[in-house]
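K.L.:
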Amino acid sequence: MTLAQGSWPTYTDAALDSVRRERREVERECRAFQRFRQRIQTVDTQTPQFERSVVGVDQNLTSEEKSIRDTIEPWYHDTVMAVDHYGDVYGDSFEESLSAEFGVDVLVLISEATTFSPFIKQRLLEAAQQCIDNRRVFLKTLQWLNSLRSKTRNLQLRRFERR
Numbered sequence: 003m004t005l006a007q008g009s010w011p012t013y014t015d016a017a018l019d020s021v022r023r024e025r026r027e028v029e030r031e032c033r034a035f036q037r038f039r040q041r042i043q044t045v046d047t048q049t050p051q052f053e054r055s056v057v058g059v060d061q062n063l064t065s066e067e068k069s070i071r072d073t074i075e076p077w078y079h080d081t082v083m084a085v086d087h088y089g090d091v092y093g094d095s096f097e098e099s100l101s102a103e104f105g106v107d108v109l110v111l112i113s114e115a116t117t118f119s120p121f122i123k124q125r126l127l128e129a130a131q132q133c134i135d136n137r138r139v140f141l142k143t144l145q146w147l148n149s150l151r152s153k154t155r156n157l158q159l160r161r162f163e164r165r
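Letter by letter, the sequence shown follows residues 3 to 165 in the numbering used here.
#1: With a 10 Å radius around its C-beta and 16 neighbouring C-beta atoms as the bar for buried, classify GLN131 as buried or exposed.
#2: Please report the residue range of the alpha helix (DSSP H) in which PRO76 lies.
#3: When DSSP labels each residue in this structure, what does LEU147 get in the three-state scheme?
#4: Considering only C-alpha positions, which residue in the set ASP90, ILE122, ALA16 and VAL21 is nearest to THR73?
#5: Give every residue of the same chain whose Cβ lies closer than 6 Å to the Cβ of GLU27, excluding the five residues on either side of it in the sequence, and list them in chain order.
#6: In terms of residues, what are the limits of the alpha helix (DSSP H) holding GLU114?
#7: Nearest to THR143 by alpha carbon, out of ALA16, ARG22, THR14 and ASP15?
#8: Would you call the segment 42 to 52 in contact with the segment 93 to 104, where contact means no fewer than 3 C-beta pairs closer than 8 Å?
#9: Would you mind working out which of ARG138, GLU128, SER149 and LEU141 sits nearest GLN40, comparing C-alpha positions?
#10: Which value, in whole angstroms, describes the spacing of the CA atoms of ARG138 and ASP90?
#11: Decide if VAL85 is buried, meaning its Cβ has at least 16 other Cβ atoms within 10 Å, or exposed.
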């Protein structure tokens, strides 16, 4: 057996191990987004109260008003950002993660809103579901790649038997 013949299975096995590891990570992320989505589903919504604004008057949140982000951020940290590989793989902040996963528009929306409206709830549910769906599609690809493991073993056995 030459060095090339001996190294081929080693590289292949390493690649397949990477696929298996990636698959486990994506499965964990999928479950984390499902848990986050479940928390959002439990929230009761309120119709926002619109007040007439005065042009030129600063209308920042008062100390009693909290943005929706104050509720969402800990939930996101406790679910999505709590997966064991998060820091090693992503290592980003809440803002970076939410923007990448849900879009900057959702980050702005939850940062500025003080009422958990039906629109905000629906937007968060849809964004979380899209993250789940995207990962499920990716999982199918990873599962197919993982199936190559048994095919590779069969090839290795055939090569060995021919000798």
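Every residue, glycine too, gets a C-beta built ideally from N, C-alpha and C.
These numbers come from a predicted model, not from an experiment.
P.N.:
Taking the structure as given:
#1: Your numbering for residue 131 matches position 129 in the sequence shown. By the neighbour-count definition (other C-beta atoms within 10 Å, threshold 16), GLN131 is an exposed residue.
#2: Taking the first residue of the sequence shown as position 1, residue 76 is located at position 74. In the DSSP assignment, PRO76 falls within the alpha helix (DSSP H) that extends over 71 to 80.
#3: In the sequence shown, counting from the first residue as 1, residue 147 sits at position 145. Three-state DSSP puts LEU147 in a helix.
#4: For the purposes of this step, residue 73 is taken as the residue at position 71 of the sequence shown. Here the closest residue by C-alpha is ILE122.
#5: Translated into the one-based positions of the sequence shown, residue 27 becomes position 25. The beta carbon of GLU27 sits closer than 6 Å to those of HIS87, all from its chain and outside the five residues before and after it, given in chain order.
#6: Counting from 1 along the sequence shown, the entry for residue 114 is found at position 112. For GLU114, the enclosing alpha helix (DSSP H) begins and ends at 106 to 114.
#7: As a first step, residue 143 must be located in the sequence shown, where it is residue number 141. Distances from the alpha-carbon of THR143 to those of ALA16, ARG22, THR14 and ASP15 put ARG22 closest.
#8: No, they do not touch.
#9: In the sequence shown, counting from the first residue as 1, residue 40 sits at position 38. Put simply, of ARG138, GLU128, SER149 and LEU141 the residue whose alpha carbon is nearest the alpha carbon of GLN40 is GLU128.
#10: Counted from its first residue, the sequence shown places residue 138 at position 136. Counted from its first residue, the sequence shown places residue 90 at position 88. Those two C-alpha atoms are separated by around 22 Å.
#11: Against the sequence shown, residue 85 aligns to sequence position 83. Under the 10 Å beta carbon count, VAL85 is surrounded by 16 or more other beta carbons and is classified as buried.
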